[in-house]
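Undergrad: First to last, the protein sequences are chains W and F.
Note that the UniProt record's numbering has the first sequence beginning at 1, numbered continuously upward.
Note that the UniProt record's numbering has the second sequence beginning at 1, numbered continuously upward.
Note that beta-carbon positions come from the ideal geometry of N, C-alpha and C, so glycine has one too.
Okay, handing you the structure first.
There are 2 protein chains.
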Amino acid sequence: MKRSFGLAFALFVCTFTFAQQALWGGTSIVSPEIHENNTVTFRLKAPKAVKVQVTGDFLPTQKIKTPFGDFDGPGAADLIEKDGTWEYTTPQPLKPELYSYTFLVDGLKMNDPNNVYMIRDVVSVTNVFIIGGGRADLYKVNKVPHGTVSRVWYNSPTLGMDRRLTVYTPAGYETSGKNYPVFYLLHGMGGDEEAWIALGRTAQILDNLIAQGKAKPMIVVMTNGNASQEAAPGESSLGFVSPNMQLPKTMEGSFEMAFPDVVKFIDKNYRTIKRKQARAIAGLSMGGFHSMHISKQFPDMFNYVGLFSAAIMPDNNVKSPVYADLEGKLKAQFAQNPALYWIAIGKTDFLYKANEDFRKLMDDKGYKYMYYETDEGHIWKNWRIYLTEFSPLLFK
Amino acid sequence: MKRSFGLAFALFVCTFTFAQQALWGGTSIVSPEIHENNTVTFRLKAPKAVKVQVTGDFLPTQKIKTPFGDFDGPGAADLIEKDGTWEYTTPQPLKPELYSYTFLVDGLKMNDPNNVYMIRDVVSVTNVFIIGGGRADLYKVNKVPHGTVSRVWYNSPTLGMDRRLTVYTPAGYETSGKNYPVFYLLHGMGGDEEAWIALGRTAQILDNLIAQGKAKPMIVVMTNGNASQEAAPGESSLGFVSPNMQLPKTMEGSFEMAFPDVVKFIDKNYRTIKRKQARAIAGLSMGGFHSMHISKQFPDMFNYVGLFSAAIMPDNNVKSPVYADLEGKLKAQFAQNPALYWIAIGKTDFLYKANEDFRKLMDDKGYKYMYYETDEGHIWKNWRIYLTEFSPLLFK
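Structure, rendered in structure tokens:
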């Protein structure tokens, strides 16, 4: 009788694994396979398919025609079939980076069933992989002390809602007894409090930079910048709704006006250094727009400001006290000499001109800022770069 | 000029959304659509497909033949094509539950591109949806105060490793100043510290039970029970490795012997009630095995023990001091009258007989326990039920 327990369990494990594979489509195929020279092979078992392609940001971009004009999108490459398994190997080694991809099977998009690593970006879920080396090693989990990542709910009296935050506290926070500076990090349009921790790799980047002594230990607070929303899709009482790129109350002043609620909550519930010198705010795209407006609306709050591919829109046709008197408020903000005002954008970003105009305004007024320019455009690759460049400049 | 900013951005939003949909396969199709009467329609746009099926645990099970014997697996249903879009509506309303499904397109498994909600279970990622009502309302995010969910790293001196935990602290923890009881909740084979918070819906279940006054506010600690592993797949320095059902050092004593490291870390870093009366341990399958062995190995540590479909294996052919003298250790454990020893299993579970034999042993010795039996077998549906039944019994 004793024997049968172990035997039953061993059989269960085998059966379970086999059945999971049979039912849910897992196979023994390896995809993506990253070779030693950093070429990558993608594989898909699809005996009945006529055409299989892989599309992703590791391929040269291609022009996508849309009703709104051309768009630089990820390219596609054909897989070749042999015995029912399709395969494509990149002709060249890939540069270090976190890449996204999906398959196109007879025109139908599908995620790679042999790669469980997927990240949602607004309305789409794609597979991901990392080619290590250089800056991309900062995007990896390495053998360094790890901070804590928490999903926390706070009450916003100004918005009259309970809302969700993602909070990174650095390794050692729990036991050090010390107080820490706080970096508020804001997502772009369609994003939420999951964006920076997922595609942004914030926890990995901060763990690694802090371990290398390049960034100060700090708390990073990732807010939800959609003032109509309690939490990321699936995390509120709305249930498993479809994510939406265009939400109400995103760039009309509500989020900015309610931002002190977040700072108060963080200062009350974490061991923070509760003064301007120990606070930074930055964001990508819409989050850059928010960071610009919040930092000038509350000029005593932040000493470090980062605009990452910021959606700078002097005239956004919204009447809110937040957007009134841009120049007067900038003047008040810069009269206090912020320690850092950092502007970054990619050369092909559709917001390049808007940022150039904003820099001209800054130059005209003699406001000091640092400028960082990269190749390419309005993409996560750039935002991860900006985070790795900006965070070492903070709280020094 | 001013005009162009807003226009460029509006165009970007449209183009971005359109391009994302075109490139990554999102469409305006709604799937799954949960109708008011709780029938559900699944849809997939696949003009070139010959046969499209949906498979999932909302369908009657079917026998799957494997080299290891037959296996009760999810059934499959055919979708019908019209104008390139395939559709299937359940003939009957579905009962309240969290369900998993995927599509099979010409035999190829694929996730639903119109449903961003997916959860990994060991080696497979499937889409999920919830039919509300009854017990399943506990699995939803509702308008109640929400606890905090943290991913925390601790050092295990016994294992000589930094390891990852998922910790739930109840709503109000941050500000109450109170000390809380702790419930240690353990996953099954192939699982990790993400299992209970993902498919287990622990945060939602505890938020809801606590808000209803049915469970005491408590801290829930979800460990990683694979003693060879620092963290869940993708969360350690191993990188984006393929998950594996069969890991080394899972049921050979290492995890059990090192468990006091976890308790010490939690007691040091959280406001806990640091005594046996305020500690519970439970787990599913392998986690039930672990809970049984840990609670008798350290009889002064836990006052509440839950075995959920426990992998009880009196002879698992492993020589570890943990597994020696089962009866002697149970005697010592029950000599101290634990407040609750709770055994639950499904009628068709392959471990039913093993649990029956274990209960006979308990009965023979006169050890008190509660027994809870459900329909069906070794599935998450049952483990969520057990969590909703067990946690209200704790710390009363």
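(1) Indicate whether at least one CB of chain W lies closer than 8 Å to the CB of F:Tyr-117.
(2) Taking 8 Å as the threshold (C-beta atoms), are F:Tyr-88 and F:Phe-58 in contact?
(3) How many angstroms separate the CA atom of W:Leu-104 from the CA atom of F:Thr-388?
(4) Are at least three pairs of beta-carbons, each pair with one atom in the stretch 286 to 293 of chain F and one in the stretch 304 to 315 of chain F, less than 8 Å apart?
(5) If I measure Cβ to Cβ from W:Lys-268 and keep anything under 6 Å in the same chain, skipping five residues before and after, which residues do I get?
(6) Using only CA atoms, which one of W:Tyr-371, W:Ile-205, W:Lys-368 lies nearest to W:Gly-134?
(7) Are the C-beta of F:Arg-151 and some C-beta of chain W separated by less than 8 Å?
(8) Measuring straight from C-alpha to C-alpha, what distance separates F:Tyr-270 and F:Ala-280?
(9) Would W:Thr-126 be called buried (16 or more neighbouring beta carbons within 10 Å of its own) or exposed?
(10) Which one or two residues does DSSP pair with W:Arg-384 in a beta bridge?
(11) For the 8 Å Cβ check, are there 3 or more pairs between the stretch 66 to 77 of chain F and the stretch 43 to 56 of chain F?
(12) Give the straight-line distance between the Cα atoms of W:Asp-192 and F:Lys-143, rounded to the nearest whole angstrom.
(13) Distance cutoff 8 Å, beta carbons only. Does W:Phe-390 sit that close to anything in chain F?
(14) Nearest to F:Val-30 by alpha carbon, out of F:Asn-37, F:Val-50, F:Leu-247, F:Val-116?
(15) If contact is defined by three or more beta carbon pairs under 8 Å, each pair taking one atom from either stretch, is the stretch 373 to 380 of chain F in contact with the stretch 338 to 347 of chain F?
(16) Let me confirm a value: residue 397 of chain W is counted as buried when at least 16 other C-beta atoms fall within 10 Å, else exposed. Which label applies?
(17) Please name the residue, chosen from F:Ala-232, F:Asn-37, F:Glu-327, that lies closest to F:Val-123 on a Cα-to-Cα basis.
(18) To the nearest angstrom, how far is the alpha carbon of W:Ile-312 from that of W:Arg-201?
(19) For F:Met-222, list the residues DSSP reports as bridge partners.
(20) Measuring alpha carbon to alpha carbon, tell me which residue in W:Leu-108, W:Leu-247, W:Trp-383 is nearest W:Val-50.
(21) Could you work out which residues of chain W lie near F:Pro-243, taking near to mean beta carbons separated by less than 7 Å?
(22) Based on the DSSP output, what are the partners of residue 400 of chain W in its beta bridges?
(23) Residue range of the alpha helix (DSSP H) that F:Ala-354 falls in?
(24) In terms of residue numbering, what span does the beta strand (DSSP E) encompassing W:Gly-191 cover?
(25) I need the straight-line Cα distance from W:Pro-217 to W:Leu-247, nearest angstrom please.
(26) For F:Ala-278 and F:Pro-181, what's the separation of their Cα atoms in angstroms?
(27) At 3 residues or longer, what runs of the beta strand (DSSP E) sit wholly inside the stretch 69 to 108 of chain F?
(28) Give me the Cβ distance between W:Leu-340 and W:Leu-284, rounded to the nearest whole Å; I'm assuming they're in contact under 8 Å.
(29) I'd like the ranges of any alpha helix (DSSP H) spanning at least 4 consecutive residues and lying wholly in the stretch 269 to 331 of chain W.
(30) Whole angstroms is fine: what's the gap from W:Met-251's alpha carbon to W:Lys-396's?
(31) With a cut-off of 8 Å, does the C-beta of W:Leu-361 fall near any C-beta of chain F?
(32) Go ahead and pull the three-state DSSP assignment for W:Phe-259.
(33) Taking 8 Å as the threshold (beta carbon to beta carbon), is F:Ile-130 in contact with chain W?
(34) Is F:Ile-131 near F:Leu-94, with beta carbons less than 8 Å apart?
(35) Output needed for F:Ser-228: all residues of its chain with C-beta closer than 7 Å, excluding positions within five of it in sequence on either side, in chain order.
(36) According to DSSP, which residues form a beta bridge with W:Gly-234?
TA: In short, the structure shows the following:
(1) The beta carbon of F:Tyr-117 falls within 8 Å of a beta carbon belonging to chain W, placing the residue at that interface.
(2) With contacts defined by Cβ atoms closer than 8 Å, F:Phe-58 and F:Tyr-88 do not form a contacting pair.
(3) Computed Cα separation, rounded: 42 Å.
(4) Yes, the stretch 286 to 293 of chain F touches the stretch 304 to 315 of chain F.
(5) Result list for W:Lys-268: empty, nothing under 6 Å.
(6) The shortest Cα separation from W:Gly-134 among W:Tyr-371, W:Ile-205, W:Lys-368 belongs to W:Ile-205.
(7) Yes, contact with chain W.
(8) When rounded, the distance between both Cα atoms is 16 Å.
(9) Burial state of W:Thr-126 is buried, judged by a 10 Å Cβ sphere holding 16 or more other Cβ atoms.
(10) W:Arg-384 pairs with nothing; no bridge assigned.
(11) With a cut-off of 8 Å, the stretch 43 to 56 of chain F and the stretch 66 to 77 of chain F count as touching, because enough Cβ pairs lie within range.
(12) Between W:Asp-192 and F:Lys-143, the alpha-carbon positions lie close to 19 Å from each other.
(13) Taking a beta-carbon distance threshold of 8 Å, W:Phe-390 does not count as an interface residue toward chain F.
(14) Closest by alpha carbon: F:Val-116.
(15) Remark: three or more beta-carbon pairs, one from each stretch, lie closer than 8 Å, so the stretch 338 to 347 of chain F and the stretch 373 to 380 of chain F are flagged as touching.
(16) For residue 397 of chain W there is no data in the structure shown, the boundaries of chain W being 1 and 396.
(17) Of the residues F:Ala-232, F:Asn-37, F:Glu-327, the one whose Cα lies closest to the Cα of F:Val-123 is F:Ala-232.
(18) Each residue's Cα considered, the two are about 25 Å apart.
(19) Beta-bridge analysis with DSSP links F:Met-222 to F:Thr-166, F:Leu-185.
(20) Comparing Cα positions, the closest option is W:Leu-108.
(21) Near F:Pro-243 (Cβ distances below 7 Å), the residues of chain W are Val-116.
(22) The structure shown does not extend to residue 400 of chain W, since chain W spans only 1 to 396, so no value can be given for it.
(23) 352 to 365 is the extent of the alpha helix (DSSP H) around F:Ala-354.
(24) Per DSSP, W:Gly-191 lies in no beta strand (DSSP E) and is assigned neither H nor E.
(25) When rounded, the distance between both Cα atoms is 34 Å.
(26) Near 4 Å, if we compare the C-alpha coordinates of F:Pro-181 and F:Ala-278.
(27) Taken in chain order, the complete beta strand (DSSP E) segments of 3 or more residues contained in the stretch 69 to 108 of chain F are 69 to 73, 75 to 78, 80 to 82, 85 to 89, 97 to 105.
(28) No, W:Leu-340 and W:Leu-284 are not in contact; Cβ-Cβ is about 17 Å, not under 8 Å.
(29) Qualifying alpha helix (DSSP H) stretches, in chain order: 286 to 297.
(30) A straight-line Cα-Cα distance of about 32 Å links W:Met-251 and W:Lys-396.
(31) No, no contact with chain F.
(32) It is helical.
(33) Cβ-Cβ to chain W under 8 Å: yes for F:Ile-130.
(34) Cβ atoms of F:Ile-131 and F:Leu-94: closer than 8 Å.
(35) Apart from the 5 residues on each side of it in sequence, F:Ser-228 sits with its Cβ closer than 7 Å to the Cβ of Leu-247, Pro-248, Lys-249 in its chain, given in chain order.
(36) Paired residue(s): none; W:Gly-234 is not in a bridge.
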